[in-house]
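A.B. asks: One structure coming up, written as structure tokens, with questions to follow.
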Amino acid sequence: MFTDETLDALGVESLWRKSQQFAQESRGCQTRPVHTAEAEIQPLLNADNGTQTDPQDHHIYQLPPKGELQPESPGLRDFLHRVEDMVVKELASNAKSHAFDGFDVNWEDQNETVSCIHCLQYPSAQEKGLQVTSISWSCTGSVIACAFGRVDDGDWSTEKSCVCTWNLDRRGLNPKRPDMVIDVARPVMSLSFHPSQPSLIAGGLYSGEVVVWDTNRTQDLILAQTGMSTDTHREPVYQVAWVPGPRRGEMVVLSAGSGGRVLLWTVDSDEGRLVLSAGFALIRQQVPHNSALSKNRGSSNVGVTSLALSPWDLDTFLVGSESGLVLKCSFSAQTLAAAPPDGESVTLRAPAQFSFSPRGGPVHSLHCSPFHRNLFVSVGTDGLAHLHSLLQPDPLLSLRVSDSYVFGVRWSPTRPLLFAAATGQGLVQIFDLGRKSLRPAATLDQLTGGQPVYCLEFNPRRKDLLAVGNSDGSVNIWHLSTELTEQGPRETAKLEQLANEVAE
Amino acid sequence: MQFEETLKRIQTHKGVIGTIVVNAEGKTTLDNSTTVQYAGLLHQLTMKARSTVRDIDPQNDLTFLRIRSKKHEIMVAPDKEYLLIVIQNPSE
């Protein structure tokens, strides 16, 4: 009754789903064939040409062609014709006129007195009996830094000392508390602020090292130092200074010590090292002689106790030695020094070119005049201040400053005829060369009870401030009177006259 | 020729340390920086002096300007188009 049956499968087509294969089109494209071609060229003729400028004629009466106004400018000739008579008449009457003789104008308040406005001390250095060996003003004129050390110790000193700075423009200045104290492992003998960056200070230590501190840093203030290597000085460094380096805008540190070496260091702040870039050695046998020079005694090195840079001629520098020699030296000297090489990385050269008449004892300080290119003043232990011209060996003028040693001398930055000297009796004598008498124009008593004054510096910005460093560890800031700071009429001319006198 | 001679006569007069000729736009006979500074400053001062004189009395006009300083005397001879500046160091 039931049978098996198989039925066909039934399929239902989708009404909406279509095969997607239908909608497909293919396209292709290709550029037309690209045409290429090659060609070569070569010049057949060669020519060389050079140009060079001609040296300009320096004839003052000739109108240089680079000016804008030429004689052909319209109306110029007529203009000059018109005004010539009137101008010449005025010039003639002016040359004879006495109308303004003795006429002076008061533009600012006159300050009649000299007063000590600050007496800066660092009690903990004073307790240790440290003395102020060197002071330096920052380029802005508001910060003064002083170095503590010892000048009277004869032997090797391992005493810890410090460098203190005070900012005089800060309110709430506490003279007994410096703004910043940098501890140094050795006594510091000399200090110098960077001439344009107010936070860098270079210092020379008793051990012969040279250090550059950066007061902007918070942690380790040492930016670069020489360390104890074969390049460094072996003797105390008595002077450091910043001089322009070979590249524009770069300054290198110059250090001079009693070992007879004058070395130039470049600052490598990444490595924290001062790298020796050039060096000079002063050897007694290589010093140019001028008549009487003492017999060769002791070591052949000429120990440097003071150094002065010339603001007029960047190549010249003056050196004062322990034995009383004053030498004119040049940075570009090429003669090699006769010193036996001691493992230094640069060859040392002999810089001395001219020798001035020697003094009786060590030359403690030299300074070149900022107003006359040939004048400088030197002081030493013989108590005299010698005014020299660079052109002759004998001094132009010899002034008795004090009966004891004189440790420092500085020209005034505003008055061409004025200079100040620091004596071993605790006085600063200020001399005015325009006066007839050779006695000091002013005497500043440091009130240290007769203890020596070791260093003094005029403020580069504020012309009426003078800082003086004493051996009792204090620094006095003096406010000078207008008479000592205002330039009088014809001072430059008088200085010129002084410089042109020939010593007998 | 005459231009140079005139200028030379003025320059060699007793005490003269410098002479500058400036035109109305401030161009000078010698283009170094000091001269240009002098020329610019004195040109402005001369114009101011002239307007001062004419404000006080419109019929009046500036003929000559002299500035005496501690170190020397500056004389300015003004004109419509040019200025002659002479710097003299008075009697020693």
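Protein chains in written order, with this note's numbering: chain A, -18 to 485; chain B, 33 to 124.
In this text, a Cβ means the ideal position worked out from N, Cα and C, and glycines have one as well.
Fair warning: this is a prediction, and the values are worked out from it, not measured in the lab.
Using the beta-carbon of each residue, which ones in chain A are nearer than 7 Å to H75 of chain B?
C.D. replies: In the second sequence, counting from the first residue as 1, residue 75 of chain B sits at position 43. None at all; the shortest Cβ gap to chain A is about 13 Å.
A.B. asks: Which ranges would you report for the beta strand (DSSP E) in the region 288 to 339 of chain A if only whole runs of at least 3 residues count?
C.D. replies: 297 to 302, 307 to 311, 333 to 337
A.B. asks: Taking 7 Å as the line, does the beta carbon of G361 of chain A fall inside it for any heavy atom of the ligand GDP?
C.D. replies: This structure lacks the ligand GDP; in fact it carries no ligand of any kind.
A.B. asks: Thinking C-beta only, is G230 of chain A closer than 8 Å to P441 of chain A?
C.D. replies: Counted from its first residue, the first sequence places residue 441 of chain A at position 460. Counted from its first residue, the first sequence places residue 230 of chain A at position 249. Not a contact, by the Cβ cut-off of 8 Å.
A.B. asks: By the 7 Å beta-carbon criterion, what residues does the region 80 to 103 of chain B contribute toward chain A?
C.D. replies: F96, R100, K102
A.B. asks: Is it buried or exposed for G450 of chain A, if we count other Cβ within 10 angstroms and need 16 for buried?
C.D. replies: As a position in the first sequence, residue 450 of chain A is number 469, starting the count at 1. With 16 or more other Cβ atoms within 10 Å, it is buried.
A.B. asks: State the CB to CB distance for the pair L263 of chain A and A333 of chain A, rounded to an integer number of angstroms; the pair is presumed to be in contact (CB under 8 Å).
C.D. replies: For this step, residue 263 of chain A is matched to residue 282 along the first sequence. For this step, residue 333 of chain A is matched to residue 352 along the first sequence. Correct: roughly 6 Å between the Cβ atoms.
A.B. asks: When the Cα of G284 of chain A is compared with those of A:G301, A:Q112, A:S239, A:S311, which residue comes out closest?
C.D. replies: For this step, residue 284 of chain A is matched to residue 303 along the first sequence. Comparing Cα positions, the closest option is A:S239.
A.B. asks: When the Cα atoms are used, what is the spatial distance from S(-9) of chain A to W(-3) of chain A?
C.D. replies: Start at 1 with the first residue of the first sequence, and residue -9 of chain A comes out as number 10. Start at 1 with the first residue of the first sequence, and residue -3 of chain A comes out as number 16. It is worth fixing the name first, because residue -9 of chain A is Leu in this sequence and not Ser. Near 19 Å, if we compare the C-alpha coordinates of W(-3) of chain A and L(-9) of chain A.
A.B. asks: In chain order, what are the residue ranges of uninterrupted beta strand (DSSP E) at least 3 long that sit wholly in the region 103 to 140 of chain A?
C.D. replies: 112 to 118, 124 to 130
A.B. asks: Looking at the structure shown, is T84 of chain B part of a helix, part of a strand, or coil, going by DSSP?
C.D. replies: The residue given as residue 84 of chain B occupies position 52 in the second sequence. Three-state result, T84 of chain B: helix.
A.B. asks: Throw me the rounded Cβ distance for the T404 of chain A and P343 of chain A pair, which I believe falls under 8 Å.
C.D. replies: Position 423 of the first sequence, counting from 1, holds the residue named residue 404 of chain A. Position 362 of the first sequence, counting from 1, holds the residue named residue 343 of chain A. That belief does not hold up - the Cβ atoms of T404 of chain A and P343 of chain A are roughly 15 Å apart, past 8 Å.
A.B. asks: Chain A beta carbons: is any one of them nearer than 8 Å to that of Y70 of chain B?
C.D. replies: Within the second sequence, the letter at position 38 stands for residue 70 of chain B. Taking Cβ atoms only, chain A never reaches closer than 8 Å to Y70 of chain B, which makes this a no.
A.B. asks: Counting only beta-carbon atoms, is F352 of chain A nearer than 8 Å to chain B?
C.D. replies: If you number the first sequence from 1, residue 352 of chain A lands on position 371. No, no contact with chain B.
A.B. asks: Chain A partners of P42 of chain B, CB-CB under 8 Å?
C.D. replies: Looking up residue 42 of chain B in the second sequence gives position 10. The sequence given here places Ile at residue 42 of chain B; Pro does not occur at that position. Those within 8 Å of I42 of chain B in chain A are E65, V68, V69, L72.
A.B. asks: Starting from the Cα of S115 of chain A, find the closest Cα among A:Y187, A:R443, A:L61, A:R420 and give me that residue.
C.D. replies: For the purposes of this step, residue 115 of chain A is identified with residue 134 of the first sequence, where counting begins at 1. Taking only the C-alpha atoms, the option nearest S115 of chain A is A:Y187.
A.B. asks: On the premise that A289 of chain A lies in contact with F357 of chain A, defined as a C-beta separation below 8 Å, what is that separation, rounded to the nearest angstrom?
C.D. replies: Along the first sequence, read from residue 1 onward, the residue named residue 357 of chain A stands at position 376. Along the first sequence, read from residue 1 onward, the residue named residue 289 of chain A stands at position 308. Contact annotation, F357 of chain A with A289 of chain A: C-beta distance approximately 6 Å; criterion of less than 8 Å satisfied.
A.B. asks: Strictly below 7 Å CB to CB, what residues from chain B border N75 of chain A?
C.D. replies: Here residue 75 of chain A refers to the residue found at position 94 of the first sequence. Those within 7 Å of N75 of chain A in chain B are E105, Q120, P122.
A.B. asks: When the Cα atoms are used, what is the spatial distance from L437 of chain A to A448 of chain A?
C.D. replies: As a working note, residue 437 of chain A is residue 456 in the first sequence. As a working note, residue 448 of chain A is residue 467 in the first sequence. Using only the alpha carbons, I get a separation of about 6 Å.
A.B. asks: Is it the case that the Cβ atoms of S173 of chain A and L204 of chain A are separated by a distance below 8 Å?
C.D. replies: As a first step, residue 173 of chain A must be located in the first sequence, where it is residue number 192. As a first step, residue 204 of chain A must be located in the first sequence, where it is residue number 223. No; because the gap between Cβ atoms is not below 8 Å, this pair is not in contact.
A.B. asks: Do you know how far the Cα of F400 of chain A is from the Cα of Q3 of chain B?
C.D. replies: In the structure displayed, chain B extends from 33 to 124; residue 3 of chain B sits before or after that span and is not available.
A.B. asks: Going straight from the alpha carbon of R443 of chain A to that of L94 of chain B, what length do you get?
C.D. replies: Indexing the first sequence from 1 puts residue 443 of chain A at position 462. Indexing the second sequence from 1 puts residue 94 of chain B at position 62. Spanning the two alpha carbons is a distance of roughly 39 Å.
A.B. asks: Among A:R242, A:E(-6), A:D59, A:A18, which one has its Cα closest to the Cα of L39 of chain B?
C.D. replies: Start at 1 with the first residue of the second sequence, and residue 39 of chain B comes out as number 7. Closest by alpha carbon: A:D59.
A.B. asks: If we cut at 8 Å on Cβ distances, does G50 of chain B have a partner in chain A?
C.D. replies: Sequence index remark: in the second sequence, residue 50 of chain B carries index 18 (1-based). Answer no: the Cβ-Cβ gap between G50 of chain B and chain A never drops below 8 Å.
A.B. asks: Taking its Cβ as the centre, do 16 or more other Cβ atoms sit within 10 Å of F412 of chain A, making it buried, or is it exposed?
C.D. replies: By 1-based counting over the first sequence, the position of residue 412 of chain A is 431. Answer is buried; the Cβ neighbour count reaches 16.
A.B. asks: Could you tell me if M107 of chain B is buried or exposed, where buried requires 16 or more neighbouring beta carbons within 10 angstroms of its beta carbon?
C.D. replies: Residue numbering aside, residue 107 of chain B sits at position 75 when the second sequence is read from its first letter. Label assigned to M107 of chain B: buried.
A.B. asks: What residue range is occupied by the uninterrupted beta strand (DSSP E) comprising M232 of chain A?
C.D. replies: Residue mapping note: residue 232 of chain A aligns to position 251 of the first sequence, counting from 1. M232 of chain A -> beta strand (DSSP E) spans 232 to 238.
A.B. asks: Against chain B, with Cβ distances strictly below 8 Å, would L347 of chain A count as a contact?
C.D. replies: By one-based count along the first sequence, residue 347 of chain A stands at place 366. For L347 of chain A, the answer is no, since every Cβ of chain B falls outside 8 Å of its Cβ.
A.B. asks: Flag K66 of chain B as yes if its beta-carbon sits less than 8 Å from any beta-carbon of chain A, otherwise no.
C.D. replies: Numbered from its first residue, the second sequence carries residue 66 of chain B at position 34. For the record, residue 66 of chain B in the displayed sequence is Thr; it is not Lys. Answer no: the Cβ-Cβ gap between T66 of chain B and chain A never drops below 8 Å.
A.B. asks: List the whole-angstrom C-beta distance separating G469 of chain A from G431 of chain A, where the pair is believed to meet the contact cut-off of C-beta under 8 Å.
C.D. replies: Here the question's residue 469 of chain A lines up with position 488 in the first sequence. Here the question's residue 431 of chain A lines up with position 450 in the first sequence. At roughly 33 Å, the Cβ-Cβ gap does not stay under 8 Å, so G469 of chain A and G431 of chain A are not in contact.
A.B. asks: Going straight from the alpha carbon of E(-14) of chain A to that of S7 of chain A, what length do you get?
C.D. replies: Taking the first residue of the first sequence as 1, we reach residue -14 of chain A at position 5. Taking the first residue of the first sequence as 1, we reach residue 7 of chain A at position 26. So the alpha carbons of these two residues sit roughly 50 Å apart.
A.B. asks: Output yes if chain B places a C-beta closer than 8 Å to the C-beta of G83 of chain A; else output no.
C.D. replies: By 1-based counting over the first sequence, the position of residue 83 of chain A is 102. Closer than 8 Å: no.
A.B. asks: Can you pull the DSSP bridge partners for W246 of chain A?
C.D. replies: The residue labelled residue 246 of chain A in the question sits at position 265 within the first sequence. For W246 of chain A, which the question treats as bridged, DSSP gives the partners A:V234, A:L257.
A.B. asks: Taking C-beta pairs closer than 7 Å, name the residues in chain A that A109 of chain B reaches, listed in chain order.
C.D. replies: Counted from its first residue, the second sequence places residue 109 of chain B at position 77. Result: V64, M67, V68.
A.B. asks: Is there a Cβ from chain B that is less than 8 Å from the Cβ of V61 of chain A?
C.D. replies: As a working mapping, residue 61 of chain A is identified with position 80 in the first sequence. The question names Val, but residue 61 of chain A in the sequence shown is Leu. So, interface residue.
A.B. asks: Looking at C-alpha atoms only, which residue of A:H79, A:D445, A:V218, A:P269 is the closest neighbour of R131 of chain A?
C.D. replies: Here residue 131 of chain A refers to the residue found at position 150 when the first sequence is read from its first residue. Closest by alpha carbon: A:V218.
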